[in-house]
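> The structure is given below, and queries will be raised subsequently.
There are 2 protein chains.
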Amino acid sequence: MTDRLTMPLGEAIFSQRAIRRYKPDPISDQDLQTILLAAGRAPSATNQQPWRFLVVRNPELKRRLQEAYTEGWWHRRRAAGIMGPQDIAPDDKVLQSALRFTEEYALAPALVLVCSVHTHVTNEILTACQNMLLAARALGIGGTLTGIGGPAEPLTHQIFGIPDDVEVRFCVPLGYPRGHFGPAQRKPLSDIVFEDGWGKSPAWA
Amino acid sequence: MTDRLTMPLGEAIFSQRAIRRYKPDPISDQDLQTILLAAGRAPSATNQQPWRFLVVRNPELKRRLQEAYTEGWWHRRRAAGIMGPQDIAPDDKVLQSALRFTEEYALAPALVLVCSVHTHVTNEILTACQNMLLAARALGIGGTLTGIGGPAEPLTHQIFGIPDDVEVRFCVPLGYPRGHFGPAQRKPLSDIVFEDGWGKSPAWA
Numbered sequence: 306m307t308d309r310l311t312m313p314l315g316e317a318i319f320s321q322r323a324i325r326r327y328k329p330d331p332i333s334d335q336d337l338q339t340i341l342l343a344a345g346r347a348p349s350a351t352n353q354q355p356w357r358f359l360v361v362r363n364p365e366l367k368r369r370l371q372e373a374y375t376e377g378w379w380h381r382r383r384a385a386g387i388m389g390p391q392d393i394a395p396d397d398k399v400l401q402s403a404l405r406f407t408e409e410y411a412l413a414p415a416l417v418l419v420c421s422v423h424t425h426v427t428n429e430i431l432t433a434c435q436n437m438l439l440a441a442r443a444l445g446i447g448g449t450l451t452g453i454g455g456p457a458e459p460l461t462h463q464i465f466g467i468p469d470d471v472e473v474r475f476c477v478p479l480g481y482p483r484g485h486f487g488p489a490q491r492k493p494l495s496d497i498v499f500e501d502g503w504g505k506s507p508a509w510a
Numbered sequence: 306m307t308d309r310l311t312m313p314l315g316e317a318i319f320s321q322r323a324i325r326r327y328k329p330d331p332i333s334d335q336d337l338q339t340i341l342l343a344a345g346r347a348p349s350a351t352n353q354q355p356w357r358f359l360v361v362r363n364p365e366l367k368r369r370l371q372e373a374y375t376e377g378w379w380h381r382r383r384a385a386g387i388m389g390p391q392d393i394a395p396d397d398k399v400l401q402s403a404l405r406f407t408e409e410y411a412l413a414p415a416l417v418l419v420c421s422v423h424t425h426v427t428n429e430i431l432t433a434c435q436n437m438l439l440a441a442r443a444l445g446i447g448g449t450l451t452g453i454g455g456p457a458e459p460l461t462h463q464i465f466g467i468p469d470d471v472e473v474r475f476c477v478p479l480g481y482p483r484g485h486f487g488p489a490q491r492k493p494l495s496d497i498v499f500e501d502g503w504g505k506s507p508a509w510a
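As given, the protein sequences belong to chains H and Z, one line each in that order. In the working numbering, each residue's number is its place in the first sequence (first place is 1) plus 305. In the working numbering, each residue's number is its place in the second sequence (first place is 1) plus 305.
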């Protein structure tokens with residue numbers, strides 16, 4: 306399986322960025338297999354591997370998942386005082402892009418729901434999500450981590466028959482990018498690295 | 306920076322495993338710089354980059370961090386009914402290895418505390434942790450994700466002067482491995498991948 310992920314690690318990490326606009330080309334079974342094998346290699350506490358991946362390529366199911374995602378997205382926005390599109394500043398690129406994405410979500414050829422079977426350590430599944438995005442990147446496939454929260458969670462349980470004791474936390478849309486991979490904007494190292502005490506930036510950062 | 310991380314992505318992902326026993330050789334400034342630059346490239350919701358990394362190589366500070374980590378580790382064990390070493394089965398390899406690690410923690414040449422400045426999305430920092438572990442792997446450096454919880458959190462705040470509104474969640478010990486990298490034991494894909502509905506394993510998984 307490693308022979309399909311030959312991109313140097315540095316190239317994958319430093320050119321990864323959120324991809325939200327996709328070509329219609331499908332994601333093959335083989336690519337999904339490689340991406341999810343990589344995801345499943347991630348570390349977890351006492352190796353419990355709490356992640357489960359539910360792949361959605363069926364157009365009608367993708368449409369229903371988009372509706373659920375959009376309800377969850379607006380739920381989070383309303384909690385932050387944003388009641389509708391009119392409350393998002395035209396120059397707020399991050400939110401405008403996220404808003405447009407709620408309308409284009411199901412255009413991703415594959416949507417991968419990421420679930421946790423151990424609800425007390427639920428966000429551990431993020432190490433697997435990061436492996437998934439890096440493996441996709443190495444295959445020329447873009448994606449982004451989207452949250453399934455608020456009303457979206459019971460809706461996804463209902464649509465896909467997910468048991469009550471399983472938590473759905475994220476969905477990763479995947480597709481070949483329209484547009485380009487990274488680099489993405491990030492803070493300089495001196496803003497995020499300290500040594501021996503809080504606020505003490507080392508010379509090498 | 307990418308020229309230092311030339312290992313193929315597949316090799317890094319499929320040979321990553323938790324490394325808990327280290328050679329005494331130090332981790333250089335240059336390697337820490339590469340590892341933490343890679344960590345900082347990880348994705349986060351609305352690109353908030355909530356992670357901060359506090360590197361500890363000073364022996365006295367490492368010793369105090371080991372004490373804090375060990376208190377937190379036993380706190381989690383007691384919550385699970387394990388009151389002392391006598392309650393851990395001799396053939397429970399995972400817990401025996403974790404127990405031994407509480408005694409050898411400060412032997413790691415570098416301990417990297419991973420903090421979150423946005424406490425409501427605190428575990429988002431796990432994408433950065435996974436980049437960190439993969440970049441370390443590509444440099445021949447091993448590590449593992451350890452939890453800083455319960456009494457360990459206020460102790461680390463005190464030792465390192467971390468502000469109250471910053472959350473300390475993980476610490477990643479780093480060092481050159483005694484012993485070998487992966488592969489690690491993982492479930493087969495058919496156990497963790499479904500398509501279109503819960504429990505429906507696709508033929509390709």
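Virtual Cβ for every residue (Gly too), placed ideally from N, Cα, C. Owing to the predicted nature of the structure, the values given are computational and were not obtained by experimental measurement.
Looking only at its own chain, which residues have a Cβ that is under 6 Å from the Cβ of residue 442 (chain Z), when we skip the five neighbours before and after it?
As a position in the second sequence, residue 442 (chain Z) is number 137, starting the count at 1. 317, 321.
> Do residue 353 (chain Z) and residue 423 (chain Z) count as a contact pair if the criterion is CB distance below 7 Å?
On the second sequence, position 118 is the one that residue 423 (chain Z) refers to. On the second sequence, position 48 is the one that residue 353 (chain Z) refers to. Yes, they are a contact pair.
> Does any residue of chain H bring its CB to less than 7 Å from the CB of residue 336 (chain Z)?
In the second sequence, the residue the question calls residue 336 (chain Z) occupies position 31. For residue 336 (chain Z), the answer is no, since every Cβ of chain H falls outside 7 Å of its Cβ.
> Out of H:404, H:486, H:507, H:396, which has the shortest C-alpha to C-alpha gap to residue 388 (chain H)?
The residue labelled residue 388 (chain H) in the question sits at position 83 within the first sequence. Considering only alpha carbons, the answer is H:404.
> Contact check, residue 482 (chain Z) vs residue 307 (chain H) under 8 Å by CB: the rounded distance?
Residue 482 (chain Z) sits at position 177 when you count from the first residue of the second sequence. Residue 307 (chain H) sits at position 2 when you count from the first residue of the first sequence. Actually they are not in contact, since the Cβ atoms of residue 482 (chain Z) and residue 307 (chain H) sit about 19 Å apart, beyond 8 Å.
> Which residue marks the beginning of the beta strand (DSSP E) containing residue 416 (chain Z), and which one marks its end?
As a first step, residue 416 (chain Z) must be located in the second sequence, where it is residue number 111. Residues 415-421.
> Using a Cβ cut-off of 8 Å, pull out every chain H residue sitting near residue 376 (chain Z), in sequence order please.
To locate residue 376 (chain Z), count along the second sequence from 1; it is residue 71. Correct list: empty, because the minimum Cβ distance to chain H is about 18 Å.
> Check whether chain H comes within 7 Å of residue 384 (chain Z), counting only Cβ atoms and requiring the distance to be less than that.
Translated into positions along the second sequence, residue 384 (chain Z) becomes position 79. It does not: the Cβ of residue 384 (chain Z) has no partner Cβ on chain H nearer than 7 Å.
> With a cut-off of 8 Å on the beta carbons, I'd call residue 430 (chain Z) and residue 355 (chain Z) a contact; round off their distance for me.
Here residue 430 (chain Z) corresponds to residue number 125 of the second sequence, with the count starting at 1. Here residue 355 (chain Z) corresponds to residue number 50 of the second sequence, with the count starting at 1. Residue 430 (chain Z) to residue 355 (chain Z), Cβ: 6 Å. Contact.
> Identify the continuous alpha helix (DSSP H) that holds residue 503 (chain Z) and give its terminal residues.
Residue mapping note: residue 503 (chain Z) aligns to position 198 of the second sequence, counting from 1. Taken as a continuous stretch (DSSP letters only), residue 503 (chain Z) belongs to no alpha helix (DSSP H), as it is neither H nor E.
> Beta strand (DSSP E) containing residue 356 (chain H): first to last residue?
Here residue 356 (chain H) corresponds to residue number 51 of the first sequence, with the count starting at 1. Note, residue 356 (chain H): beta strand (DSSP E), 356-361.
> Run through the DSSP bridge pairs and tell me what residue 434 (chain H) is partnered with.
Numbered from its first residue, the first sequence carries residue 434 (chain H) at position 129. DSSP lists no partner for residue 434 (chain H).
> Against chain Z, does residue 353 (chain H) count as a neighbour if the rule is that its beta carbon must be under 7 Å from one of theirs?
To locate residue 353 (chain H), count along the first sequence from 1; it is residue 48. For residue 353 (chain H), the nearest beta carbon of chain Z is not closer than 7 Å to its own beta carbon.
> Are residue 477 (chain H) and residue 417 (chain H) touching if we call contact CB-CB under 7 Å?
To locate residue 477 (chain H), count along the first sequence from 1; it is residue 172. To locate residue 417 (chain H), count along the first sequence from 1; it is residue 112. Yes, the Cβ-Cβ distance between residue 477 (chain H) and residue 417 (chain H) is below 7 Å.
> For residue 414 (chain Z) and residue 445 (chain Z), what's the separation of their Cα atoms in angstroms?
Counting from 1 along the second sequence, the entry for residue 414 (chain Z) is found at position 109. Counting from 1 along the second sequence, the entry for residue 445 (chain Z) is found at position 140. Each residue's CA atom was taken as its position, placing residue 414 (chain Z) and residue 445 (chain Z) some 14 Å apart.
> Any heavy atom of the ligand NAP inside 6 Å of the beta-carbon of residue 389 (chain Z)?
As for the ligand NAP, it is missing from this structure, which has no ligand bound.
> Residue 466 (chain Z) to residue 348 (chain H), Cα distance in whole Å?
Start at 1 with the first residue of the second sequence, and residue 466 (chain Z) comes out as number 161. Start at 1 with the first residue of the first sequence, and residue 348 (chain H) comes out as number 43. Going by the C-alpha atoms only, they are around 29 Å apart.
> Assign residue 484 (chain Z) to buried or exposed, taking buried as 16 or more other Cβ atoms, counted over all protein chains shown, within 10 Å of its Cβ.
The sequence position of residue 484 (chain Z) within the second sequence is 179, counting from 1. Label assigned to residue 484 (chain Z): exposed.
> Just how far apart, CA to CA, sit residue 474 (chain H) and residue 503 (chain Z)?
Within the first sequence, numbered from 1, the residue matching residue 474 (chain H) stands at position 169. Within the second sequence, numbered from 1, the residue matching residue 503 (chain Z) stands at position 198. Taking the straight line from one Cα to the other gives about 15 Å.
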